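Chemist:
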Amino acid sequence: MLQDPCAVPMDFLESITRNFSEVHQQLGRGGYGLVYKGVLRNGKAIAVKKLSDMHLEDDQFQNDEVTYLIGPRHQNIVQLVGYCAESRWEATKLK
């Protein structure tokens, strides 16, 4: 059964990707960011896409990317299960 994506805290993503380790967890790289392997507590492996810094300021880009990833809903297509709207950049900017 397909479910709607839910909000996921940044701390959780950091913990399942070994703090976004490029050495141990990076699976790939694209024009919009990096893809990491995340391992859930139950041992299930998932892909975690982290947008590059140049896209963090662009709210429209983020909305478009999430809309695109939500779009295809089929059992044979990778499903977006969660998203994180937090960033360390935002926290630094606010200080």
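Every letter in the sequence shown is one number past the one before it in this note's numbering, and letter 1, counting from 1, is 56.
Here a beta-carbon is modelled for each residue, glycine too, at the ideal position from N, C-alpha and C.
As the structure is a prediction and not an experimental result, all values here were calculated from the model.
Would you identify the three-state DSSP class for L82, choosing helix, strand or coil?
Modeler: What you label residue 82 is simply residue 27 of the sequence shown in a count that begins at 1. The DSSP-derived three-state label of L82 is strand.
Chemist: Rounded to the nearest angstrom, how far is the Cβ of P60 from that of Y138, given a contact under 8 Å?
Modeler: For this step, residue 60 is matched to residue 5 along the sequence shown. For this step, residue 138 is matched to residue 83 along the sequence shown. Between Y138 and P60 the Cβ distance is about 6 Å, and since that is below 8 Å, they are a contact.
Chemist: Indicate whether Y91 and A102 have their beta-carbon atoms separated by less than 9 Å.
Modeler: For the purposes of this step, residue 91 is identified with residue 36 of the sequence shown, where counting begins at 1. For the purposes of this step, residue 102 is identified with residue 47 of the sequence shown, where counting begins at 1. Contact check for Y91 against A102 passes: the beta carbons are separated by less than 9 Å.
Chemist: Could you check how far apart the C-beta atoms of I71 and G85 are, in whole angstroms? I think they sit under 8 Å.
Modeler: The residue you call residue 71 lines up with position 16 of the sequence shown. The residue you call residue 85 lines up with position 30 of the sequence shown. Not a contact, Cβ separation roughly 20 Å.
Chemist: Could you spell out the range, first to last residue, of the alpha helix (DSSP H) harbouring L68?
Modeler: By 1-based counting over the sequence shown, the position of residue 68 is 13. Residues M65 to I71.
Chemist: With G93 as the anchor, note down where its beta strand (DSSP E) starts and where it stops.
Modeler: As a working mapping, residue 93 is identified with position 38 in the sequence shown. Note, G93: beta strand (DSSP E), G88 to V94.
Chemist: For K47, report the span of its beta strand (DSSP E) as first-last.
Modeler: For the chain, the structure presents residues 56 to 150; residue 47 sits outside this window and is missing.
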